[in-house]
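Written below as structure tokens is the structure these notes are about.
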Amino acid sequence: MKIERLTQIVSYAYQNVRYYKRRMDENGIDPLSIEDYDSLRKLPFLYKDDIQAQPEDFISEEYKKFPKTKNIVLRRTSGSTGKYLKIYWDYKDDIKSLLSLWNYRNRYYGVGPSDKFCGFYTASYQGNKIVEQQMVQKSLDGRYLGFCKINLTYERLRDCYEQMCSFDPKWFNLQPSIADLLAEIVQKEHLALPPSLSYIELSGEYLFEDVRKRIEQTFQVPVANQYGCNEANAIAFECKEGHMHCLTDNVLVEVIKDGEPVFEEEGDIYITSLSNYAMPFLRYQMGDRGILVRDSQCPCGSKRPELIIKSGRSSDYISLPNAEKINAYVLIGIVEYTNEYMGAPIKQFQIIQTGIGCFTVKLVLKKEFSTWQSGVMENFLLNIQEQKLKDAKWNFQFSECILPDPQTGKFKYFINQCKEGK
Ligand SMILES: [Zn+2]
């Protein structure tokens, strides 16, 4: 089946984006011949590292010049190497790419763009600078109440939850780990639920079944999983029967095993955005594993392919004194800020919590920064936001490289060696 929007964006990428022009010329690919799911496989795969090596080559030339520069909204996305990617969007494409998700949110769960909701947001950026961060934000139209993800301790989350209750939203848009912590607080302190709450959407992390159950049981509303990324927005969304259907109007999903697309088999998830023209992503590796079910027999009646996500960006916790915990992604922030201020000296990092208030930071510096060790340590410590982490003991180790865990083959940027059940 021909997908017109695919040919459109591939041709656009060929004409306006240096990287795609070069790669398609090298491989003798005619952009107009990419017209359906099968011909998509002519295009080479794209990895985060490719973009990190030459970010400018991925931005449409049109969006480097006036007047299109006026339309740009910037997002950032974390990489495992502690250097984030800046993602460009035309604000109009950004809105358009969410239409399909809104359509299903409304159809399945009865929420629309005018309904009040609450969420948590990451620190925002303007160009290269971190914008002074407000801890709470309310949209001008009074439709959204959000909280900054910095310093999510028990006390702060409890306070956020109280504000959420008085705001009385119709739905929550949360990361599973944050929803789980809120559920824990509600249970422990027997807190009331926001009276109008009728739906919770979870995204941004792998959703474990036990976590979902705890959230559902606590808040007594339907909970749906959404899989997406800053590069392409929503990719798959859960129907009422509990299946994640691909949002085929916005994105094409492939699951690749041994270099070839597979169905009903586990592999690496790749996406092709049909909406992002400012920075096109064609056959882009997500870093998650999954299974694509082509002929979905879902009782919901949708014929769209189903994506079963196998494991994803799971989240870890840092243990604080008094059995408190905060999400370990604050550590990624410290490394990212340090890289931002110093011109990206850190190539690889791993942080090990060896005890309450004790951390070992393993760092690999790029060759040209090898004499900058003391400056990097100093900057790292300056970029810690949370008081309880500022007070901790930080021990630094520098090495040539950090290897993945020998047992699982996976690289973990954070390892908590404190006892479980803290
Ligand atoms: Zn379904």
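In this text, residue positions in the sequence shown follow our numbering: the first is 2, and each later residue adds one. Even glycine gets a Cβ: it sits at the ideal position worked out from N, Cα and C. Keep in mind that this is a model prediction, so the values were computed, not measured.
Closer than 7 Å to a non-hydrogen atom of ligand 1 - does that hold for the CB of His-191?
Answer for His-191: no, Cβ out of range of ligand 1.
Spatial neighbours of Ile-179 within its chain, please: C-beta separation below 6 Å, excluding the five flanking residues on both sides.
Scanning its chain for C-beta atoms nearer than 6 Å, with the 5 sequence neighbours on each side dropped, one finds around Ile-179 the residues Phe-121, in chain order.
Between Asp-26 and Met-2, how many whole angstroms is the CB-CB distance? I'm expecting something under 8 Å.
Taking 8 Å as the upper bound for CB-CB distance, Asp-26 and Met-2 are not in contact here, some 28 Å apart.
Across which residues does DSSP place Pro-262 in a beta bridge pair?
According to DSSP, residue pairing for Pro-262 in a beta bridge involves Ile-257.
Among Tyr-207, Glu-202, Thr-154, Ile-236, the one whose alpha carbon lies nearest that of Glu-185:
Of the candidates Tyr-207, Glu-202, Thr-154, Ile-236, the residue whose Cα lies closest to the Cα of Glu-185 is Thr-154.
Cα separation between Thr-78 and Glu-210?
Taken atom to atom, the span from the alpha-carbon of Thr-78 to that of Glu-210 is near 26 Å.
Under 6 Å, CB to nearest heavy atom of ligand 3: contacting residues
Because ligand 3 does not appear in the structure shown, any question about it cannot be addressed here, the ligands present being ligand 1.
What residue range is occupied by the uninterrupted alpha helix (DSSP H) comprising Ile-10?
Looking at the DSSP string, the run of the alpha helix (DSSP H) that includes Ile-10 is 5–17.
Cβ distance (whole Å) where Ser-204 is taken to contact Gln-227 below 8 Å
In this structure Ser-204 is in contact with Gln-227, their Cβ atoms being roughly 4 Å apart against a cut-off of 8 Å.
What's the C-alpha gap between Gly-422 and Asn-152?
Bear in mind that the predicted position of Gly-422 carries a pLDDT of just 39, short of 50, making it too unreliable to give a figure here.
How many whole angstroms separate the CB atoms of Thr-273 and Leu-293, which I take to be in contact at a CB cut-off of 8 Å?
That pair is no contact at about 13 Å.
Tell me, to the nearest whole angstrom, how far the beta carbon of Lys-389 is from that of Pro-322; I am working on the premise that it is less than 8 Å.
The pair is a contact, with the Cβ atoms about 7 Å apart (cut-off 8 Å).
Quick check on Arg-23: does DSSP put it in helix, strand or coil?
Under the three-state reduction of DSSP output, Arg-23 falls in the helix class.
What are the residues that DSSP puts in a beta bridge with Ser-320?
Per DSSP, Lys-326.
Ignoring anything shorter than 4 residues, give me the alpha helix (DSSP H) runs that lie fully in the segment 207–262, in order along the chain.
If we require 4 residues or more, the alpha helix (DSSP H) runs fully inside the segment 207–262 come out as 210–220.
Judging by CA-CA distance, which residue of Met-287, Phe-399, Tyr-318 is the nearest neighbour of Phe-46?
Ranked by Cα distance from Phe-46, the options Met-287, Phe-399, Tyr-318 are led by Met-287.
Of the listed residues Lys-391, Met-280, Gln-53, Lys-348, nearest to Trp-373 (C-alpha basis)
Here the closest residue by C-alpha is Lys-348.
Return the residue from the list Val-112, Gly-147, Gln-218, Phe-220 that minimises the CA-CA distance to Lys-171.
For the residues Val-112, Gly-147, Gln-218, Phe-220, the minimum Cα distance to Lys-171 belongs to Val-112.
Enclosing alpha helix (DSSP H) for Trp-373 [first to last residue]:
Counting along the chain, Trp-373 falls outside any alpha helix (DSSP H), and DSSP gives it neither H nor E.
Let me know if Tyr-92 comes out buried or exposed under the rule of 16 or more other beta-carbons within 10 Å of its beta-carbon.
The residue in question, Tyr-92, is exposed, as its Cβ has fewer than 16 Cβ neighbours within 10 Å.
Where Thr-339 and Asn-380 are concerned, what is the direct C-alpha to C-alpha distance, given to the nearest angstrom?
Taken atom to atom, the span from the alpha-carbon of Thr-339 to that of Asn-380 is near 6 Å.
Do Cys-240 and Gln-140 have their beta-carbon atoms positioned less than 8 Å apart in this structure?
This sequence places Ser at residue 140; Gln is not what is there. Between Ser-140 and Cys-240, the C-beta gap is not smaller than 8 Å, which leaves the two residues out of contact.
Touching or not, the segment 6–13 and the segment 218–237, by the rule of three or more beta carbon pairs under 8 Å?
The segment 6–13 is not in contact with the segment 218–237.
Closest residue to Leu-283 among Ile-4, Tyr-21, Glu-5, Asn-17 (Cα-Cα distance)
For Leu-283, the nearest C-alpha among the options comes from Tyr-21.
I'd like to know if Lys-66 contacts chain B, where contact means its C-beta is closer than 8 Å to some C-beta of that chain.
The structure shown contains no chain B, having only a single protein chain.
If the criterion is Cβ atoms closer than 8 Å, does the pair Leu-86 and Lys-49 meet it?
Yes, the Cβ-Cβ distance between Leu-86 and Lys-49 is below 8 Å.
In three-state DSSP terms, what is Lys-66?
In this structure, Lys-66 counts as coil in the three-state DSSP scheme.
Does Gly-344 pass the burial test, meaning 16 or more other C-beta atoms within 10 Å, or should it be called exposed?
Counting Cβ neighbours within 10 Å, Gly-344 comes out exposed, since fewer than 16 surround it.
Over what stretch of residues does the alpha helix (DSSP H) that includes Glu-163 continue unbroken?
Secondary structure note for Glu-163: its alpha helix (DSSP H) is the uninterrupted segment 155–168.
Exposure label - Leu-364; buried when at least 16 CB within 10 Å
Per the 10 Å Cβ criterion, buried.
Proximal residues to Lys-97 (C-beta, below 8 Å), its chain only, five neighbours per side dropped
Excluding residues within five positions, the ones whose Cβ falls inside 8 Å are Ser-276.
What are the uninterrupted segments assigned as alpha helix (DSSP H) that are 4 or more residues long and contained completely in the segment 344–372, given in chain order?
At a cut-off of 4 residues, not a single continuous stretch assigned as alpha helix (DSSP H) sits fully inside the segment 344–372.
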